[in-house]
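Q: Provided herewith is a single structure, encoded as structure tokens, for subsequent inquiry.
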Amino acid sequence: MSSSDVQQKLAVISRSHFTSIVKLLGVSISGEHIYLVYEFVNGSDLESCLRNKLNPNFTVLSNWMSRMQIATDIAHGLDYIHNTAGLSIDMVHKHVKSSGIIVTEPSFNAKICHFGAAELCGETSVAAEEEESMRAAPGSERQFEGVRGYMSPEFKTSGVASQKSDVYAFGVVMLELMTGEEPVRYKFDRSSGNYNLISVIETAREAVEGGGGEEAAVGGRLRRWVDKRLRDSFPVEAAEKLVRVALQCVQEDPEKRPEMKWVAGKISKLYLASKIWSDRVKVPTGISVSLAPR
183 MSSSDVQQKL AVISRSHFTS IVKLLGVSIS GEHIYLVYEF VNGSDLESCL RNKLNPNFTV
243 LSNWMSRMQI ATDIAHGLDY IHNTAGLSID MVHKHVKSSG IIVTEPSFNA KICHFGAAEL
303 CGETSVAAEE EESMRAAPGS ERQFEGVRGY MSPEFKTSGV ASQKSDVYAF GVVMLELMTG
363 EEPVRYKFDR SSGNYNLISV IETAREAVEG GGGEEAAVGG RLRRWVDKRL RDSFPVEAAE
423 KLVRVALQCV QEDPEKRPEM KWVAGKISKL YLASKIWSDR VKVPTGISVS LAPR
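In the working numbering, the protein residues as written are 183 to 476.
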């Protein structure tokens, strides 16, 4: 990337001000190296909040409204990147994933990290460290490392990111947020001796589309699929609609995926519906919990 291109994109990114995006404070260019300086945000990444390695049964996001707040913040942040930040330039984040989203303390809002990293550093293909790999995990499961679980089919094939691949990654994060599970993992099948791929996308489809289509049947499957640490306390209708929005985002054909502006609007409506439900059942949402490891 030429210095003029860097300066042009830097001018766009440095002018970006949005509460759901970690702000880029400065850039230092030394030869072929580009150093990015972002604001400090007190909190922890979403991946760690959902999957606490020290205590798997604990999560700071222990109620439905905390997760809806996270979903709303991420949706509007990505909408800003796609439709406002670049004005006439189509901006792409490229690395949307739960480990790249900060949950702030003590407000429990979400901020998207690394906005501008792909643009300013001139990344045009899949980085070597993002290549699909497997490693042994405790028990009978293996899991992917890197960001493969968030990569759309066309991104995997071409290595070229687009706004539609961002939408796909966002959909995966939403499903991850609802179930608490990693995007993809392998589980050992003792009968065949093979490892079977378990995708959060497929389990979500089974929850809302598999078996009977009756409302009661869908509700039952959703309650089994949604993160057990929410203790079955969530509005089933809003949860089903959120899953269906996320599944629209992860369609194989990028042309069939919605724009982030539409997605952000839908999620805002689901947040309001969830807030009405929360106020009606009087679910406590103001509990202050430290994000420190347990």
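In this text, a Cβ means the ideal position worked out from N, Cα and C, and glycines have one as well.
What you are looking at is a predicted structure, and each value in this text was computed from that prediction instead of being measured.
Given this structure, state the Cα-to-Cα distance separating Glu311 from Gly282, to the nearest angstrom.
A: Low confidence applies here, because Glu311 scores a pLDDT of 42, under 50, leaving its location unreliable; read the following figure in that light. Rounded to whole angstroms, Glu311 to Gly282 spans 15 Å at the Cα level.
Q: Expressed to the nearest angstrom, what Euclidean distance is found between the alpha-carbon atoms of Asp272 and Lys191?
A: The alpha-carbon atoms of Asp272 and Lys191 are separated by roughly 11 Å.
Q: If we ignore side chains and look at the alpha-carbon of each, how far apart do Met360 and Glu336 end up?
A: Computed Cα separation, rounded: 25 Å.
Q: For Val188 and Asp348, I'd like the C-alpha separation in whole angstroms.
A: The alpha-carbon atoms of Val188 and Asp348 are separated by roughly 22 Å.
Q: Whole angstroms is fine: what's the gap from Ala257's alpha carbon to Cys295's?
A: Their Cα atoms are separated by approximately 14 Å.
Q: If you follow the alpha helix (DSSP H) that Thr482 is part of, which residue opens it and which one closes it?
A: Nothing can be reported for residue 482: it is not among the residues displayed for the chain, which extend from 183 to 476.
Q: Just to confirm my understanding: we take Glu313, look at its own chain, exclude 5 residues before and 5 after, and list those with CB closer than 6 Å. What are they?
A: The pLDDT assigned to Glu313 is 41, lower than 50, so where the model puts this residue is not dependable, and the model offers no usable value.
Q: As a quick exercise: from Arg367, Gly392 and Lys448, pick the residue whose alpha carbon is nearest that of Ala428.
A: Considering only alpha carbons, the answer is Lys448.
Q: With distances taken Cα to Cα, identify the nearest neighbour of Ala381 among Glu364, Ser450, Ile263 and Gly341.
A: The question names Ala, but residue 381 in the sequence shown is Ser. With distances taken between Cα atoms, Ser381 lies closest to Glu364.
Q: Taking the alpha-carbon positions, what's the Ala386 to Ala292 distance?
A: When rounded, the distance between both Cα atoms is 23 Å.
Q: For Lys443, name the three-state secondary structure that DSSP assigns.
A: DSSP places Lys443 in helix when its eight states are reduced to three.
Q: In three-state terms, what does DSSP make of Lys369?
A: Lys369 falls in the strand class under three-state DSSP.
Q: Give the list of continuous beta strand (DSSP E) stretches no shorter than 3 residues that lie fully inside the region 207-286.
A: As far as the region 207-286 is concerned, its whole beta strand (DSSP E) runs of at least 3 residues are 215-220, 225-227 and 283-286.
Q: Out of Glu388, Glu358 and Cys231, which has the shortest C-alpha to C-alpha gap to Arg367?
A: Checked all of Glu388, Glu358 and Cys231; the closest Cα to Arg367 is Glu358.
Q: For Arg439, collect the residues of the same chain with a Cβ closer than 6 Å to its Cβ; drop the 5 residues on either side in sequence, then sort them by chain order.
A: Within the same chain, Arg439 has close Cβ partners Lys346, Val349, Cys431 and Gln433.
Q: Give me, in chain order, the residues of the same chain whose beta-carbon lies closer than 7 Å to that of Asp414; leave out the 5 immediate sequence neighbours on both sides.
A: Answer for Asp414: Arg405, listed in chain order.
Q: Just verifying my parser: in three-state terms, what is the DSSP assignment at Lys293?
A: Residue state, collapsed to three classes: strand.
Q: For Ile211, count neighbouring Cβ atoms within 10 angstroms of its own Cβ and tell me buried if that reaches 16, exposed if not.
A: So Ile211 ends up on the exposed side.
Q: Given a cut-off of 8 Å on the beta-carbon distance, is the pair Ala343 and Val425 in contact?
A: No, the Cβ-Cβ distance between Ala343 and Val425 is not below 8 Å.
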